[in-house]
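Heads up: the structure comes next, in structure tokens.
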Amino acid sequence: AGSKPELLLAASLLMEARSEGWLVCNGYKDAAYVDAALLLSQLHPRTVLVIEKPDELQLILRASERTGVRPKLGLRAKLSCKHEGHWGATSGDSAKFGLNVQ
Numbered sequence: 001a002g003s004k005p006e007l008l009l010a011a012s013l014l015m016e017a018r019s020e021g022w023l024v025c026n027g028y029k030d031a032a033y034v035d036a037a038l039l040l041s042q043l044h045p046r047t048v049l050v051i052e053k054p055d056e057l058q059l060i061l062r063a064s065e066r067t068g069v070r071p072k073l074g075l076r077a078k079l080s081c082k083h084e085g086h087w088g089a090t091s092g093d094s095a096k097f098g099l100n101v102q
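Per my numbering, the very first residue in the sequence shown carries number 1; after that it's consecutive.
See below:
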């Protein structure tokens, strides 16, 4: 789920189906998105917030303290290898998202 509407839609579908699937929260995150994801994680325990930029960690930790919910975290790594295909130009070191190994 990459936006707040997608997050709410995905969560409602997973809960309605009583699914064991994972709710993966990636993409742009603001405080409202992170708060919603953390609160939804109490209803659907298989919710993971993916950290794509270094500043997102502090945002998630502040929200965790505020809500009292301990998050499950994932990391999106920026790999140096390039590939061909539709997204090839934005792969490797020129990728927009992901954490560098530094």
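Even for Gly, the Cβ is constructed at its ideal location relative to N, Cα and C.
Nothing here was measured: the structure is a model prediction, and the numbers come from that model.
Distance between residue j and residue i (C-alpha atoms, nearest Å)
i	j	result
GLU52	ASN26	7 Å
GLY85	ALA77	19 Å
ARG62	ALA32	12 Å
GLU65	LEU8	22 Å
TYR28	ASP55	11 Å
HIS44	VAL69	13 Å
Within 9 Å, strictly: CB atoms of residue i and residue j
i	j	result
LEU23	ALA37	yes
SER41	PRO5	no
VAL50	LEU75	yes
THR67	ALA11	no
LEU39	ILE60	no
Buried versus exposed, by CB contacts within 10 Å (16 or more), residue i
i	result
LEU14	buried
ALA17	exposed
Nearest candidate by alpha-carbon position, reference residue i, set the options
i	options	result
ASP30	SER3, VAL48, HIS44	SER3
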